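**Student:** One structure follows; several queries about it will come next.
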Amino acid sequence: MSEGKDIPVYRGAEEPLIIHDGKCTEEFEHFHGLDGFGDLGFLHTPSMKLIQSENAVCALGRIVAGTDCKGEVTLVCLAPLTNIALTMKTYAHFSSSLKDIYVMGGNSTGMGNVTSAGEFNFYTDPEAAHIVLTSACCPIYLLPWETCLSIDISLAWRFNILGAIQNTRMDLLNTVEKKVWEKSSYTSWIPCDAIIAAVLLRPDIVIKSQKCHATLELRGTHTRGQVVIDHLKVKDPNVHLIEEVDTYILKKILLWAAGHADSADDDKSK
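And the structure:
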């Protein structure tokens, strides 16, 4: 996608379904900067030509429910689920037309990052996450925050091994991520979005998972946005909860995606 000059971009919702006055932790309020790129600024103004006049909700409904794609589209969700929820509510057949949904978001044991109990993507729009979890008619593969934290990849590996790959893509990522991670309190690299993408590409990366029922806490004073797992197994499962992934396979995928297919075999260190 880094060279995808012909991939259309559709503008989505600008705010969550319900505006909430809850506060995030200071570190996560703008973790990736105000512009999402570490506030580096651009040497050249990005082209806006790929942004379509059609909005994201209409585009999702049109593409997924189209006769050529029905039952073949996999959604990979790396952000708050506002646009997905709006599409489900706008197009009655959207949910049943999907093949499956891969989601990075939420938590499984109540561990948060923007609040004590809320993970950023689900806390930003809990109602949207609730709609997706309760309305989907296809398999949902859910990667929670705790699983991402369990990945054992050091910042040294990120910048000295993965970051040593030389191409324009890595030059940009290195510049952005160095600025982001240098100011964070984390001592390990946590590539949440890359992990769920790797699960899609290589299902065998999943070491441990379970089918369970997951829902969202929407009213809690201290727990709004927290995922509630039915540990009692009373309700029918609605997600495949990913609990553990293979760090070594993940490294191989990351190196391949960065442009160096064989480097993972040269260094197994963390």
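Our numbering numbers the first residue of the sequence shown as 5 and each following residue consecutively. Even glycine gets a Cβ: it sits at the ideal position worked out from N, Cα and C. Remember, it's a predicted structure, so these values are computed and weren't measured experimentally.
#1: Measure how close the beta-carbons of I88 and V136 come, nearest whole angstrom, since I'm counting them as under 8 Å.
#2: Using only CA atoms, which one of G229, L159, V107, L236 lies nearest to K255?
#3: Can you tell me which of I211, A63, C81 puts its alpha carbon nearest to the alpha carbon of C73?
#4: Please state whether DSSP places E247 in a helix, a strand or coil.
#5: With C-beta atoms as the reference, is T128 less than 8 Å away from P84?
#6: Taking the C-alpha atoms as reference points, what is the distance between G16 and V203?
#7: Below 8 Å, can you find three or more Cβ-Cβ pairs linking the region 234-247 to the region 171-188?
#8: Exposed or buried, C81, counting other C-beta atoms within 10 Å across all chains shown (16 or more means buried)?
#9: If you drop the 5 nearest sequence neighbours on each side, which residues of the same chain put their C-beta closer than 8 Å to that of V77?
#10: What residue ranges within the region 61-108 form continuous beta strand (DSSP E) runs of no fewer than 3 residues, ordered along the chain?
#11: Beta-carbon within less than 8 Å of G278's beta-carbon, same chain only, minus the 5 sequence neighbours each way: which residues are those?
#12: For K212, list the residues DSSP reports as bridge partners.
#13: For D270, collect the residues of the same chain with a Cβ closer than 8 Å to its Cβ; drop the 5 residues on either side in sequence, then sort them by chain order.
#14: Looking only at DSSP bridge pairs, what is T219 linked to?
#15: Candidates Q170, I105, E58, E131: which alpha carbon is nearest T86's?
#16: Rounding to the nearest angstrom, what Cα-Cα distance links I209 and S112 in this structure?
#17: Ends of the alpha helix (DSSP H) at Y127?
#18: With 16 as the cutoff for other CB atoms within 10 Å, does L79 come out buried or exposed?
#19: Starting from I55, trace the beta strand (DSSP E) in both directions and tell me its first and last residue.
**Tutor:** The answer reads as follows:
#1: Going by Cβ atoms, the distance from I88 to V136 rounds to 5 Å, so yes, they are a contact pair.
#2: Nearest C-alpha to K255: L159.
#3: Here the closest residue by C-alpha is A63.
#4: E247: strand per DSSP, three-state reduction.
#5: Yes; because the gap between Cβ atoms is below 8 Å, this pair is in contact.
#6: Rounded to whole angstroms, G16 to V203 spans 25 Å at the Cα level.
#7: When Cβ pairs closer than 8 Å are counted between the two stretches, the region 234-247 is seen not to touch the region 171-188, the count staying below three.
#8: Taking a 10 Å sphere around the C-beta of C81, we find 16 or more other C-beta atoms and assign the residue as buried.
#9: Once the five neighbours on either side are set aside, the close Cβ partners of V77 are I67, V68, S101, L102, K103.
#10: Annotation note: the region 61-108 contains the following uninterrupted beta strand (DSSP E) runs of length 3 or greater, listed N- to C-terminal: 77-81, 102-108.
#11: In this structure the chain extends from 5 to 274, so residue 278 is not present and cannot be described.
#12: K212 is bridged to E248.
#13: A caution first: D270 carries a pLDDT of 47, below 50, which makes its placement in the model too unreliable to give a value.
#14: According to DSSP, residue pairing for T219 in a beta bridge involves V232.
#15: For the residues Q170, I105, E58, E131, the minimum Cα distance to T86 belongs to E131.
#16: Computed Cα separation, rounded: 19 Å.
#17: Y127 -> alpha helix (DSSP H) spans 124-128.
#18: L79 should be labelled buried.
#19: Counting along the chain, I55 falls outside any beta strand (DSSP E), and DSSP gives it neither H nor E.
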